[in-house]
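**Student:**
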Amino acid sequence: MKLLLVEDDASMQAALRRSLGRRGLEITSCADGAQALAAWRASAPDVVLLDLTLPGMDGLHVLQQARHAGLETPVLILTARGTVGDRVIGLNTGADDYLAKPFDLDELEARLRALHRRRHSASAQQPSPSVGSLRYDRESGAIYHGPEVLELTPRELALLQALMVKPGHAVSKERLFELVFPGEADVQYEAVEVVVYRLRKKLATTGAKLVTLRGLGYLLKAEA
Numbered sequence: 000m001k002l003l004l005v006e007d008d009a010s011m012q013a014a015l016r017r018s019l020g021r022r023g024l025e026i027t028s029c030a031d032g033a034q035a036l037a038a039w040r041a042s043a044p045d046v047v048l049l050d051l052t053l054p055g056m057d058g059l060h061v062l063q064q065a066r067h068a069g070l071e072t073p074v075l076i077l078t079a080r081g082t083v084g085d086r087v088i089g090l091n092t093g094a095d096d097y098l099a100k101p102f103d104l105d106e107l108e109a110r111l112r113a114l115h116r117r118r119h120s121a122s123a124q125q126p127s128p129s130v131g132s133l134r135y136d137r138e139s140g141a142i143y144h145g146p147e148v149l150e151l152t153p154r155e156l157a158l159l160q161a162l163m164v165k166p167g168h169a170v171s172k173e174r175l176f177e178l179v180f181p182g183e184a185d186v187q188y189e190a191v192e193v194v195v196y197r198l199r200k201k202l203a204t205t206g207a208k209l210v211t212l213r214g215l216g217y218l219l220k221a222e223a
């Protein structure tokens, strides 16, 4: 099982990496929100173990951005915030399970493996979104052009993932900006247009067309 561990406390992260690694999990770890989103897309984890209190972008915002981008990896929130209200907010944002600190390691492993089993059972029944010859593998986060993975930069991938979640439906420039440039307050909205321009070139032979809808945003549709 591939686990993405998002925890900013260095000692806690090291302890979890050591303990869960000994139990056979393959672990990718990071310590802040922006890194978490990038690693989520790049590492295609089976389960995400997500702390809420993170520098730059908190865990709930990371989770919200990931769900808007169509990333459906199961998420277990691990946090010192143990109130009912915090649990409800986390679950309503898109978390699959919640475990408060301090916790028992055996229980944590059991919950992670349960989420892994549930995810693979559900993904076997859910078709992948497709447009033209493009196919979005929700489990891995990769986008395929025919049998091959389409080569994209992280920002191009984030934008295309957001458009492929609901092909033919417009996504606003503001929403795409949040997904493509998470936590980057010094970047202008127009930067989305640069990513769109580069992405259009890579879609030229895929049978998919990236359309600009003035005042509404962008959508992806199959070429006529």
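The sequence shown begins at 0 in numbering that gives the first Met the number 0 and counts up one residue at a time. No residue lacks a Cβ here, since even glycine has one placed at the ideal position from N, Cα and C.
Based on the DSSP output, what are the partners of I88 in its beta bridges?
**Tutor:** Note: I88 sits in no beta bridge, so no partner.
**Student:** Would you check whether the ligand NAP has a heavy atom nearer than 7 Å to the C-beta of A157?
**Tutor:** Judged by which ligands are present, the structure shown has none, so any question about the ligand NAP falls away.
**Student:** Alpha carbon to alpha carbon, how far is L19 from H67?
**Tutor:** 29 Å
**Student:** Where does D105 fall in DSSP's three states?
**Tutor:** helix
**Student:** Note down, in chain order, each residue of its chain lying with its Cβ closer than 6 Å to the Cβ of A79, except the 5 sequence neighbours on either side.
**Tutor:** K100
**Student:** For the segment 208–219 against the segment 149–167, are there 3 or more C-beta pairs whose distance is under 8 Å?
**Tutor:** yes
**Student:** List the endpoints of the continuous alpha helix (DSSP H) containing A94.
**Tutor:** Neither: A94 is in no alpha helix (DSSP H) and is coded neither H nor E.
**Student:** Just the Cα atoms here: how many angstroms apart are A30 and E189?
**Tutor:** 29 Å
**Student:** Give the single residue among H144, L178, Y196 whose Cα lies nearest to the Cα of R40.
**Tutor:** L178
**Student:** What does a CB cutoff of less than 8 Å around L198 pick up in its chain, not counting 5 residues either side in sequence?
**Tutor:** L151, E155, L158, L159, L209
**Student:** For L49, does the three-state DSSP call read helix, strand or coil?
**Tutor:** When secondary structure is reduced to three states using DSSP, L49 falls in the strand class.
**Student:** How would you write the range of the beta strand (DSSP E) that E235 sits in, first residue to last?
**Tutor:** The structure shown does not extend to residue 235, since the chain spans only 0 to 223, so no value can be given for it.
**Student:** Let me know if D50 comes out buried or exposed under the rule of 16 or more other beta-carbons within 10 Å of its beta-carbon.
**Tutor:** buried
**Student:** Taking DSSP as the reference, what is the three-state secondary structure of V148?
**Tutor:** strand
**Student:** Taking just the CA atoms, how far does T211 sit from A38?
**Tutor:** 29 Å
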